[in-house]
Structures are given as structure tokens and as C-alpha cells.
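Colleague:
Numbering (full-length UniProt numbering), first residue to last: 1 to 119.
Listed below in C-alpha cells is the structure:
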């Protein structure tokens, strides 16, 4: 991902043209300078990014969220162990294990059981 061009004042609204592969997009991004001299950008979910050393890094932080990510370029996003396929399907409604008597329902004494009473 490369920042091709940026226009606008900092702090304020900056228009960033970002290229990833063969795709180029332009985004309006609000950028501010922090008290420590770093830069932050308003992310697409209206939160502020982490502090970046340069304006370019803050702009790319915002753009990275908006660009689609290919799994070939980011192998850490692929699932190494996918969920198993459901082969056996029992037709009919699902039943609660507690309703079937197989759950962890607390035991209650029945008429045939004796309860001890300590006096």
C-alpha cells in the first residue's frame, strides 16, 4: 500500500490518494497532531487511530481499514483449522438436554428416596 498524493492542511481534512496493487482510491481523512508531536487520523468507525510518527503513516492507517484484503497478501487472516463439516444430521426439532433428563439439572428427592434430617 502506497500513499500517492495528499492535499489539505494538518490539522484538518486531508484528501489522500492511496494505491494498493492496481487499485487507486482517494479518501477524505481527518488528521490531528498530538501534544507529543505525533499524528492521529479519524478511523472509519469514528475512533482515533494510535499515534503515528508521520502524517503518511496516519493516513495509511485509515486507508488500510477501507481497502479489501486479499488472503494471499495476508496469510495470517486465513483459518488454519476450519470447522468440521456436519455429516450426520438428525431430522426433527432440537431438544434441550435438560428436558431429556441428560443435563445438569439439580437433583431433587423423590418420594421413594429418604432425606436425612439432622437434629
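Cβ coordinates follow ideal geometry from the N, Cα and C atoms, glycine included.
1) Three-state secondary structure (DSSP) at residue 51?
2) If you run the structure through DSSP and keep just helix, strand and coil, what is residue 38?
3) Mapping the DSSP letters down to three states, classify residue 10 as helix, strand or coil.
4) Would you call the region 42-54 and the region 14-24 in contact, with 3 or more CB pairs under 8 Å?
5) Tell me which residues share the same chain as residue 29 and place their Cβ nearer than 6 Å to its Cβ, disregarding the 5 neighbours each side in the sequence.
6) Heavy atom of the ligand SAM less than 7 Å from the Cβ of residue 1, yes or no?
7) Cα-Cα, which of 38, 32, 37 and 20 is closest to residue 8?
Modeller: Taking the geometry as given:
1) coil
2) coil
3) coil
4) no
5) 14, 16, 41, 59 and 62
6) The ligand SAM is not among the ligands present in this structure, which contains no ligands whatsoever.
7) 32
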